[in-house]
Amino acid sequence: MVELARRLIGTTFLVDGVGGVVVETEAYRADEPASHSHRGPRPRNAAMFGPAGRLYVYRSYGLHWCVNIVGGDAPGSAVLLRALAPTTGCEAMAVRRGLADPRRLCSGPGKLAAALGITGERDGAPVDGEGVALIDREADPAVVAGPRIGITKAADLPWRFGLAGSRYLSRPFPRHDTGVPA
DNA sequence: CCGCTGATAATCT
DNA sequence: GATTATCAGCGGA
-13 MVELARRLIG TTFLVDGVGG VVVETEAYRA DEPASHSHRG PRPRNAAMFG PAGRLYVYRS
47 YGLHWCVNIV GGDAPGSAVL LRALAPTTGC EAMAVRRGLA DPRRLCSGPG KLAAALGITG
107 ERDGAPVDGE GVALIDREAD PAVVAGPRIG ITKAADLPWR FGLAGSRYLS RPFPRHDTGV
167 PA
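See the structure below:
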């Protein structure tokens, strides 16, 4: 699953022609306690135990939608889409989000879902099905990794991935000191 | 640029 | 009854 999370960085994710480049993801697996799939199949997480390449959409904190892509390495694995660099349909995103600042449009899982108009209706939908598209990248981008955000269990696993140097992350990655002063 | 707080409901104990 | 894969708004530095 970790591999898919890495590989999704740099791909383009669109819903009804609106979206952008994936710049931040997190991997989740059934064998690890932070995952919704950890305690087995349930109504909410059914999509996580279904076919690979589908969406798992759930409601977070009772009010935000979050979007995952289901993996195929093992049952119950998925990659949370945490941030996009907006490229297409910025006007529609600005309207849905009620702001125009591209850096704040999709810089978080809930914001991303809101900007692309994703709700629970898309739960279980194929990533290349009706209105949804995932376009692979040309070359391998520089990817950075760090601990996942907003969880209390298994918080030490470095399964959050980001496009190096991107200005559209939900939060910066922990920086190693380069040792080279400016 | 922080850090804190309330909102809000499904899921879990 | 507690917890939660979050966010916007606010006040302070």
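First residue of the first sequence: -13, per the numbering used here; consecutive thereafter.
We treat Cβ as the ideally placed atom computed from N, Cα and C, and that holds for glycine.
For clarity, every value in this text was computed on a predicted model and none was experimentally measured.
Are residue i and residue j closer than 7 Å when you measure CB to CB?
{"i": "E10", "j": "W145", "result": "no"}
{"i": "A101", "j": "M79", "result": "yes"}
{"i": "A(-9)", "j": "F159", "result": "no"}
{"i": "A20", "j": "I104", "result": "no"}
{"i": "Y44", "j": "V56", "result": "no"}
{"i": "S156", "j": "S93", "result": "yes"}
Our contact map puts residue i next to residue j with C-beta atoms below 8 Å; I'd like the distance itself, whole angstroms only.
{"i": "V113", "j": "G39", "result": "5 Å"}
{"i": "V1", "j": "V118", "result": "6 Å"}
In the structure shown, what three-state DSSP assignment does residue i receive?
{"i": "V65", "result": "strand"}
{"i": "L98", "result": "helix"}
{"i": "L91", "result": "helix"}
{"i": "F147", "result": "strand"}
{"i": "E107", "result": "helix"}
{"i": "A119", "result": "strand"}
{"i": "A200", "result": "Missing from the structure shown is residue 200; the chain here goes from -13 to 168 and no further."}
Hey, quick one: how far does the beta strand (DSSP E) through residue i stretch, first residue to last?
{"i": "E(-11)", "result": "Looking at the DSSP string, E(-11) is not in any beta strand (DSSP E); the run it does join, the alpha helix (DSSP H), is V(-12) to L(-6)."}
{"i": "Y42", "result": "L41 to S46"}
{"i": "F(-1)", "result": "T(-2) to V1"}
{"i": "I55", "result": "H50 to V56"}
{"i": "I138", "result": "The residue asked about is misnamed: residue 138 is Thr in this sequence, not Ile. Run containing T138: none; DSSP gives neither H nor E here."}
Starting from residue i, follow the alpha helix (DSSP H) in both directions and report where the run begins and ends.
{"i": "C76", "result": "C76 to R83"}
May I ask whether a heavy atom of the ligand HEM can be found less than 6 Å away from the beta carbon of residue i?
{"i": "P37", "result": "As for the ligand HEM, it is missing from this structure, which has no ligand bound."}
Touching or not, the region 34 to 52 and the region 85 to 98, by the rule of three or more beta carbon pairs under 8 Å? Yes, the region 34 to 52 touches the region 85 to 98.
So, does the region -9 to 1 touch the region 109 to 124, judging by three or more C-beta pairs under 8 Å? Contact holds: three or more Cβ-Cβ distances are below 8 Å.
Using 8 Å as the Cβ pair cut-off and three pairs as the minimum, do the region 23 to 35 and the region 66 to 86 touch? With a cut-off of 8 Å on Cβ pairs, the region 23 to 35 is not in contact with the region 66 to 86, counting fewer than three such pairs.
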